[in-house]
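Trainee:
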Amino acid sequence: MRSFLVCSFLLATFLVTVKSDAVDRSLSDEEVLAGSPAALATENRVADQRDLTRLSDASQLRRFIAAGLLVKITSATGYFIDETLGEADTTNIALYSYARPWVKTFLDDLAADPLRPAGLKLKVTSLVRTVAYQEQLRKKYPAATSATEPGRRSSHLTGSTVDISTKEMSEEGKAWLRKKLAALERRDLMQATEEKSTSLCFHVMVFPEYPIKR
Ligand SMILES: [Zn+2]
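This is the structure we're talking about:
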């Protein structure tokens, strides 16, 4: 009996330790949103676990759109599609303003947030991409994420990711969005990164369960 109690105590201590490691409450919003190889690994792990297809080319993208697996994101109150979106494949430019339905839910939630600073319109600079598109992008921007390297592929290939530009966003707007994204990432509903080097944006992979658990 005594050894059972000791074991139970050790197990409980272990579980508490593991839990506090998994959710580090001491991190600031900026730290939660810092880009890292771990953030990219998480995006890839979630894509694998949720069985999210990485789209290969424009014809597969067309099939996904026709099947209703991706929805069109159109400019609405609170956000708009940037004219550069799809620029690496101008022939098929209209295909790139699509995303998974849970990305649209997330954007609509941001637009409807009563705490959104007055007059702030979010500029959406990227949604779904294909392997072919990402490779074109890498020719132009060599620092862009891989299209093919296992475990390090861009999550835009799944259609679950949106980039929101911070280039012309007010400090008030950035502070509001940082707080919002960090809180949702702590709840394991997304993996968000504030990119501050080559592209100035919030890169946000929304997890499929977002609409049910938000
Ligand atoms: Zn991105």
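Just so we're aligned, residue 1 is where the sequence shown starts under the working numbering, counting upward by one.
Note that beta-carbon positions come from the ideal geometry of N, C-alpha and C, so glycine has one too.
Predicted model, so just to flag it, every value in this text is computed and none were measured.
#1: Any chance the CB of residue 163 is under 7 Å from a heavy atom of ligand 1?
#2: Enumerate in chain order the residues of its own chain whose CB-to-CB distance from residue 21 is below 7 Å, with the five nearest sequence positions on each side excluded.
#3: Which full runs of the alpha helix (DSSP H) of 4+ residues lie inside the stretch 143–203, going along the chain?
#4: Just to confirm, is the Cβ distance from residue 52 to residue 96 under 8 Å?
#5: Suppose you measure from the CA of residue 129 to the CA of residue 158; what does that come to, to the nearest Å?
#6: Can you check the stretch 97–122 for any alpha helix (DSSP H) of at least 4 residues that lies completely inside it and give the ranges in chain order?
#7: Which same chain residues, not among the five before or five after residue 208, have their C-beta less than 8 Å away from its C-beta?
#8: From the DSSP secondary-structure annotation, give me the bridge partner or partners of residue 72.
#9: If I'm right that residue 33 touches residue 178 with Cβ under 8 Å, what's the distance once you round it to whole angstroms?
#10: Nearest-angstrom Cα distance between residue 68 and residue 109?
#11: How is the beta strand (DSSP E) around residue 80 delimited, first residue to last?
#12: Under 8 Å between the Cβ atoms of residue 191 and residue 205?
#13: Return the CA-CA distance between residue 202 and residue 141, expressed in angstroms with no decimal places.
#14: Assuming contact is defined by CB atoms lying nearer than 8 Å, are residue 138 and residue 144 in contact in what I supplied?
#15: With a threshold of 7 Å (Cβ to nearest heavy atom), would residue 126 be considered close to ligand 1?
#16: Could you give the C-beta distance for residue 162 and residue 124, rounded to a whole number, given that I count them as a contact under 8 Å?
#17: Out of curiosity, what's the CA-to-CA distance linking residue 165 and residue 91?
#18: Give a yes or no on whether the C-beta atoms belonging to residue 117 and residue 176 are separated by under 8 Å.
#19: Put residue 21 into one of helix, strand or coil per three-state DSSP.
#20: Which word fits residue 153, buried or exposed, when buried means at least 16 other C-beta atoms lie within 10 angstroms of its C-beta?
#21: For residue 210 and residue 64, which I take to be in contact (beta-carbon distance under 8 Å), what is that distance rounded to the nearest angstrom?
#22: How many angstroms separate the CA atom of residue 30 from the CA atom of residue 182?
Mentor: Quick answer:
#1: True, at least one ligand heavy atom lies under 7 Å from that Cβ.
#2: Caution applies to residue 21, whose pLDDT of 39 falls short of 50 and renders its modelled position unreliable; the model cannot decide the point.
#3: If we require 4 residues or more, the alpha helix (DSSP H) runs fully inside the stretch 143–203 come out as 171–186.
#4: For residue 52 and residue 96, no; Cβs fall outside 8 Å.
#5: Going from the Cα of residue 129 to the Cα of residue 158 covers about 8 Å.
#6: The qualifying runs are 101–112.
#7: So the qualifying residues of the chain are 50, 52, 100, 102 and 160.
#8: Note: residue 72 sits in a beta bridge opposite 98.
#9: Contact between residue 33 and residue 178 is confirmed by a C-beta separation of about 6 Å, below the 8 Å threshold.
#10: Rounded to the nearest whole angstrom, the C-alpha separation of residue 68 and residue 109 is 21 Å.
#11: Note, residue 80: beta strand (DSSP E), 79–81.
#12: Result yes, Cβ atoms of residue 191 and residue 205 sit closer than 8 Å.
#13: Just so you know, the alpha carbons of residue 202 and residue 141 end up roughly 18 Å apart.
#14: Taking the C-beta atoms as reference points, residue 144 is found nearer than 8 Å to residue 138.
#15: Relative to ligand 1, the nearest heavy atom lies less than 7 Å away from the CB of residue 126.
#16: Confirmed, about 6 Å.
#17: Distance between the alpha carbons of residue 165 and residue 91 is about 24 Å.
#18: Yes, these two residues count as a Cβ contact at 8 Å.
#19: Caution applies to residue 21, whose pLDDT of 39 falls short of 50 and renders its modelled position unreliable; the model cannot decide the point.
#20: Residue 153 is classed as buried because its beta carbon has at least 16 other beta carbons within 10 Å across all chains shown.
#21: About 19 Å separates the two Cβ atoms, so there is no contact after all.
#22: Cα atoms of residue 30 and residue 182: separation of roughly 8 Å, rounded to the nearest angstrom.
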